[in-house]
Amino acid sequence: MTEEKRGKILYLVVPCYNEEEIIEKTIAKLKEKMNRLIAENKISVKSKVMFVNDGSRDKTLSMLHEAAKEDSMISVLGFSTNFGHQSAILAGMMYSREYADMVVTIDADLQQDIEALDKFIACYMAGSEVVYGVRNDRNTDSFFKKTTATMYYKLLHWLGCNIITNHADYRLMSKKALNALSEYKEVNLFMRGLVPTMGFPSDVVYFDVKEREAGTSKNTLKKMLTLALDGVTSLSVKPLRMIMLLGGVTCLFALGMLVFTVVAWLNGNTVPGYATTVIMPLITDGVILISLGIIGEYIGKIYMESKERPRYIIDTFVWKDDSNDKSN
Ligand code: UDP
Ligand code: MG
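Each residue of the sequence shown is one higher than the one before, counting from 31 in my numbering.
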């Protein structure tokens, strides 16, 4: 059979951080799914799963290396330390674009339905360079996560960001789209906001989200808040403009208070000044401090960008060329 008929080369990129409880199950499930896709001629035999170990402190890396020894379909990219989920998927995509026609990023806990892969591939075959996975509902999330996530997407839309609601990082990108992505050098990474700005033909695939089968969420509240803030600052400068608006409103308010006081004085009323002299400076101080905080956040980001530090450091890379073993 010709290579064309066998389908295109798919690489799955799987970021892993302390996932020893679930990784074996994940490897087995992904291998089984990939073999099924190959048998159905939907993807090439050269397709692989590339795990990116994001500096795990448990046995994840050794388990991945063991799996790679047993099966050449498994490839492992190991970071020198923990660089975060966004850097892990970026590294996986940048390494696999050398070999793959299309790359899908998926979490190691397989909360995202792997059966949706068929639909991702069908969209790619139909001409999409980017396919966004969008979750059907948020029923598996806690009330807190559901509410904050919904509010966050609303906020990003309000700030003018072209982001797809309820799309996380379950996404297919073609080689062409990945080559374009490699031109983006920013350290402040927020992939789900960045990719839609690239403007390639795209499609959406809906999928169900399951409970985590083992282990706990590696996205701590601190990591989620950092990502949320990175999202806003990497996509929009509107908060900076709002400071100007806030300043204008505060000035108008102060002017109003001044007029009120003068009119009251002309009418012979003594101004009960204590409350105003205490409260007013507090309000303006608060506004100024918040404003400085917002400006500071952007300056911090400029500082980080200006250093041009690497977004990740690779310590180990395991990849086996198996085209000769399988193609005959
Ligand atoms: N992850 C990572 N680096 C980190 C945190 C998480 O590579 O610093 C990976 C993690 O192993 C998983 C994915 O990112 O594959 C999503 O994390 P998790 O499932 O814990 O987050 P949640 O689904 O709870 O948001
Ligand atoms: Mg998860």
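Using N, Cα and C, we set each Cβ at its ideal position, and we do this for glycine too.
What you are looking at is a predicted structure, and each value in this text was computed from that prediction instead of being measured.
Rounded straight-line distance, which links the Cα of residue j to that of residue i
i    : j    : result
L319 : T263 : 18 Å
K35  : K72  : Because K35 sits at a pLDDT of 47, beneath the cut-off of 50, its placement in the model cannot be relied upon, and the following sentence gives the value as read from the coordinates. Cα to Cα, K35 sits roughly 9 Å from K72.
F81  : S105 : 6 Å
E145 : K63  : 8 Å
K253 : D260 : 10 Å
V170 : L282 : It should be pointed out that residue 170 corresponds to Thr in this sequence rather than to Val. Whole-angstrom Cα-Cα distance: 47 Å.
F150 : S204 : 11 Å
N166 : A198 : 12 Å
S110 : Q116 : 15 Å
Y47  : T250 : 12 Å
E49  : S321 : 40 Å
R168 : T195 : 12 Å
T178 : V267 : 21 Å
T346 : M123 : 16 Å
L312 : L185 : 27 Å
F174 : L265 : 24 Å
Any non-hydrogen atom of the ligand HEM within 6 Å of residue i CB
i    : result
Q116 : Only the ligand UDP and the ligand MG can be found as ligands here, which leaves the ligand HEM out of the picture.
heavy atom of the ligand UDP below 6 Å from residue i C-beta
i    : result
Y125 : no
Y333 : no
Y41  : no
Y342 : no
D171 : no
N166 : no
P45  : yes
N249 : yes
D260 : no
E54  : no
Close beta carbons around residue i, own chain, < 7 Å, minus the five adjacent residues each side
i    : result
A210 : M228
S357 : Per-residue confidence for S357 stands at a pLDDT of 46, beneath the threshold of 50, marking its modelled position as unreliable; the derived number appears in the next sentence. Cβ within range, chain order: V75.
H95  : V106, V348
K38  : I73, S74, D131, M132
M2   : Outside the shown range of the chain (31 to 358) lies residue 2, about which nothing can therefore be said.
K248 : Y47, N48
Whether residue i touches residue j by CB criterion (7 Å)
i    : j    : result
S172 : D233 : no
I86  : L40  : Ile is not the amino acid found at residue 86; the sequence shown has Ser there. No, the Cβ-Cβ distance between S86 and L40 is not below 7 Å.
D84  : P45  : yes
V43  : T135 : yes
C191 : G223 : yes
Y342 : A98  : no
C153 : V160 : no
L276 : V235 : no
Y183 : A258 : no
I324 : P269 : yes
D238 : D148 : no
Which of helix, strand or coil DSSP assigns to residue i
i    : result
M31  : Only weak support exists for where M31 lies, its pLDDT of 44 falling under 50; the coordinates are left without a value.
F237 : strand
A138 : coil
S86  : coil
R66  : helix
D315 : helix
F347 : strand
I320 : helix
A210 : helix
K253 : helix
C46  : strand
V293 : helix
K268 : helix
I104 : strand
G245 : coil
G261 : helix
Check: residue i C-beta below 6 Å from any heavy atom of the ligand MG
i    : result
D141 : Correcting the residue identity first, residue 141 is Gln in this sequence and not Asp. Correct: Q141 has its Cβ closer than 6 Å to the ligand MG.
D137 : yes
Beta-carbon proximity list for residue i, same chain, < 8 Å, skipping 5 on both sides
i    : result
E243 : I52, K55, D139, L140
T90  : C46, Y47, N48, E49, E50, I53, N83
M287 : T306, M310
Spatial neighbours of residue i in its chain, beta-carbon cut-off 6 Å, leaving aside the 5 residues before and after
i   : result
E70 : none
L8  : Outside the shown range of the chain, which is 31 to 358, sits residue 8, and nothing can be said about it.
Contact with chain D by residue i, beta-carbon distance below 7 Å
i    : result
K176 : This model lacks chain D altogether, as it is built from one protein chain only.
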